[in-house]
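*Asks:* Taken in order, these protein sequences are the chains called A and B. Numbering-wise (my numbering), the first sequence opens with residue 630 and increments by one. Numbering-wise (my numbering), the second sequence opens with residue 630 and increments by one. Positions of the beta carbon are idealized from the N, C-alpha and C atoms, including for glycine. Every value quoted in this text rests on a predicted model; they were computed, and no experiment measured them.
2 protein chains.
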Amino acid sequence: MARKEAQTLPTGGRAWQRQQRIGHILAAAERVFAEAGFEGASMSGLAAAADLPKANLHYYFGTKEALYTALLDSILTLWLSATDSIRPENDPAEALTAYIRAKMHWSRTRPHASKVFANEVLHGAPYLGSYLAGELRALVQEKSRVLEGWIAEGRMEPVDPPHLFFAIWAMTQTYADFEAQIRAVLDRPELTAQDHAQGTDLVLRLVLKGCGLRFSEGKRLGE
Amino acid sequence: MARKEAQTLPTGGRAWQRQQRIGHILAAAERVFAEAGFEGASMSGLAAAADLPKANLHYYFGTKEALYTALLDSILTLWLSATDSIRPENDPAEALTAYIRAKMHWSRTRPHASKVFANEVLHGAPYLGSYLAGELRALVQEKSRVLEGWIAEGRMEPVDPPHLFFAIWAMTQTYADFEAQIRAVLDRPELTAQDHAQGTDLVLRLVLKGCGLRFSEGKRLGE
DNA sequence: GAGCAACTTGACCGAACGGTCAATCTTGTT
DNA sequence: AACAAGATTGACCGTTCGGTCAAGTTGCTC
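This is how it looks when you write it as structure tokens:
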């Protein structure tokens, strides 16, 4: 799956307007696909969410499947960028803290994107299978080697790196994907910034202490 | 949502055969709804999976929605039973270990049930909303008081109990719900018993050490 | 074994689905 | 101002959807 980024286009031009429309449609589609899933979303529903005629969506994307994969594609760009802090020369506690905070922040600010991804994987990743087995797997292997290096140097306790990633993904994304459950249990009309802060604290606590690293409650980077 | 259990029926009787059929249809529906979601599953697909004519499913359940909610209902019975070990008089480490092992075992043996539940919550829990806000919320409040008791007695470190439950649910259920992702990253045709054992070890490590409790790798109850 | 309720099922229905298309309007270029 | 390429859209199409129904079969009761 190729991922190309829009280079800076002269504002107001024909191609620029095209990018605007496509971005507008994808933003609406993210909401609809997140709430209804691929099968549950209808082209007329997607069109209504974008406030455009259905035929217009077909003009830009051809098929529902193409619109969906274009959306997945745009989401993956975000997905891969959060592991930057995990590098051999960094401090393990600071690197993991930064990674977890980034994932939690992403769950808070882009819950729909997380849900679209979750729905795709939940149903067997029919469109994302090759990405998972390719780019994601390679990324996990690379970052796992970094963790193994830290373990070998005695800078953290021996934990299985891939499974640690699974645990971190699960705990952080649950605040987006299973938000309905968390809201119900906490009896909130919607999750507050404080709920997310408490969740972040707990995830940091479990991961850092689980890896034998120091953890101090409520700590922010730089304190 | 009422939950009634089949009392022992005389084998081979009229009512007994009816229960058999219903159980057979629900078992097939669990697979189909897990793989396709509510909207993605079709009545003809459900009928094919159960190897019965479509009209026969309508005879027993009336509508697709009724079949789906009957399935959810049967799943919830399992869901609520795993927290039994969390009682004030038990040892915190042993209670949490038993709970996590139960949840992990359930992810391994009933992955489809987990996926159906996950799909429902992911899309806003339209049918499960009242259960989440009712029975589940009450259960979490009750068990949270147990944890708070342990914390007050100094038997574990202060962690936010509801968020701890969210974390445990997320980490354990991820081995069922996001199995496609884990399989891809680990490069497996399917998850092995050892993969689950390593996952269990990691979840136990994070939770026990995160709560300031002792953790020894590979430990089983009674060792 | 007659009668009846429970069950089974192929054929069918209106609605909604994803997708197509030709007619029309807009816009950058010359 | 003229023109071509791009963009817009209402109307339409074949398929599949969830659901219904009537005709037929089965099995329990008396």
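My understanding is that Gln810/A touches Leu761/B, with C-beta atoms under 8 Å, so please give their C-beta distance in whole angstroms.
*Replies:* For the purposes of this step, residue 810/A is identified with residue 181 of the first sequence, where counting begins at 1. For the purposes of this step, residue 761/B is identified with residue 132 of the second sequence, where counting begins at 1. That belief holds up - the Cβ atoms of Gln810/A and Leu761/B are roughly 6 Å apart, short of 8 Å.
*Asks:* Give me, in chain order, the residues of the same chain whose beta-carbon lies closer than 7 Å to that of Thr801/A; leave out the 5 immediate sequence neighbours on both sides.
*Replies:* Residue mapping note: residue 801/A aligns to position 172 of the first sequence, counting from 1. Closer than 7 Å at Cβ, skipping near neighbours: Ile729, Lys732, Met733, Ser736 and Val832.
*Asks:* Helix, strand or coil, according to DSSP, for Val661/B in the structure here?
*Replies:* Walking along the second sequence from the start, residue 661/B turns up at place 32. Three-state DSSP puts Val661/B in a helix.
*Asks:* Hey, is Asp720/B's beta-carbon within less than 8 Å of any beta-carbon in chain A?
*Replies:* Counting from 1 along the second sequence, the entry for residue 720/B is found at position 91. By this cut-off, Asp720/B is not an interface position.
*Asks:* Return the chain-ordered list of same chain residues with a C-beta closer than 7 Å to the C-beta of Trp805/A, the five sequence neighbours on each side being excluded.
*Replies:* Indexing the first sequence from 1 puts residue 805/A at position 176. Sequence inspection shows Ala at residue 805/A; the Trp mentioned does not correspond to that position. So the qualifying residues of the chain are Ser736, Pro740, Ser743 and Lys744.
*Asks:* Restricting to Cα atoms, I'd like to know which of Gly666/A, Ile704/A and Ala656/A is closest to Leu686/A.
*Replies:* The residue labelled residue 686/A in the question sits at position 57 within the first sequence. Of the candidates Gly666/A, Ile704/A and Ala656/A, the one whose C-alpha sits nearest the C-alpha of Leu686/A is Ala656/A.
*Asks:* Suppose you measure from the CA of Ala747/A to the CA of Thr829/B; what does that come to, to the nearest Å?
*Replies:* Numbered from 1 along the first sequence, position 118 holds the residue referred to as residue 747/A. Numbered from 1 along the second sequence, position 200 holds the residue referred to as residue 829/B. Their backbone Cα atoms lie some 22 Å apart in a straight line.
*Asks:* From Tyr688/A to Arg817/A, what distance separates their C-alpha atoms?
*Replies:* Stepping through the first sequence from its first residue, residue 688/A is reached at position 59. Stepping through the first sequence from its first residue, residue 817/A is reached at position 188. Spanning the two alpha carbons is a distance of roughly 41 Å.
*Asks:* Got a sec: which bits of the stretch 779-793 of chain A sit with their beta carbon under 7 Å from any beta carbon on chain B, in order along the chain?
*Replies:* Under the 7 Å Cβ criterion, the stretch 779-793 of chain A contributes Val788, Asp789, Pro791, His792 and Leu793.
*Asks:* Measure the C-alpha to C-alpha separation of Ala878/A and Lys683/A and round it to an integer number of angstroms.
*Replies:* The structure shown does not extend to residue 878/A, since chain A spans only 630 to 852, so no value can be given for it.
*Asks:* Excluding five sequence neighbours on each side, which residues of the same chain lie with their C-beta closer than 6 Å to the C-beta of Lys693/A?
*Replies:* Taking the first residue of the first sequence as 1, we reach residue 693/A at position 64. So the list reads Met672, once near-sequence residues are dropped.
*Asks:* With DSSP collapsed to three states, give me the class of Met785/B.
*Replies:* Here residue 785/B refers to the residue found at position 156 of the second sequence. Of the three classes helix, strand and coil, the one that applies to Met785/B here is coil, per DSSP.
*Asks:* Taking only beta-carbon atoms, is Met800/B less than 8 Å away from chain A?
*Replies:* For this step, residue 800/B is matched to residue 171 along the second sequence. Yes, Met800/B lies at the interface with chain A (some Cβ there is under 8 Å from its Cβ).
*Asks:* Counting Cβ pairs closer than 8 Å, one from the stretch 783-800 of chain B and one from the stretch 834-849 of chain B, do we hit at least three?
*Replies:* Enough Cβ pairs lie closer than 8 Å, so yes.
*Asks:* Alpha carbon to alpha carbon, how far is Gly691/A from Tyr697/A? Give it in angstroms, no decimals.
*Replies:* Position 68 of the first sequence, counted from the start, is the residue given in the question as residue 697/A. Position 62 of the first sequence, counted from the start, is the residue given in the question as residue 691/A. Our two residues, Tyr697/A and Gly691/A, have alpha carbons roughly 11 Å apart in a direct line.
*Asks:* Using a C-beta cutoff of 8 Å, does Val661/B count as contacting chain A?
*Replies:* For the purposes of this step, residue 661/B is identified with residue 32 of the second sequence, where counting begins at 1. No, Val661/B does not count as interfacial toward chain A.
*Asks:* Give a yes or no on whether the minimum CB-CB distance between Gly828/B and chain A is below 8 Å.
*Replies:* As a first step, residue 828/B is located in the second sequence; it is residue number 199 there, counting from the start. Cβ-Cβ to chain A under 8 Å: yes for Gly828/B.
*Asks:* Out of Thr726/B, Glu668/B and Phe662/B, which one is the CA nearest neighbour of Leu701/B?
*Replies:* For this step, residue 701/B is matched to residue 72 along the second sequence. Out of Thr726/B, Glu668/B and Phe662/B, Phe662/B has the C-alpha closest to the C-alpha of Leu701/B.
*Asks:* With a cut-off of 8 Å on the beta carbons, I'd call Ala722/B and Ser714/B a contact; round off their distance for me.
*Replies:* What you label residue 722/B is simply residue 93 of the second sequence in a count that begins at 1. What you label residue 714/B is simply residue 85 of the second sequence in a count that begins at 1. Going by Cβ atoms, the distance from Ala722/B to Ser714/B rounds to 11 Å, so no, they are not a contact pair.
*Asks:* According to a CB-to-CB cut-off of less than 8 Å, which residues of the stretch 729-753 of chain B neighbour chain A?
*Replies:* Lys744, Ala747, Asn748, Val750, Leu751, His752 and Gly753
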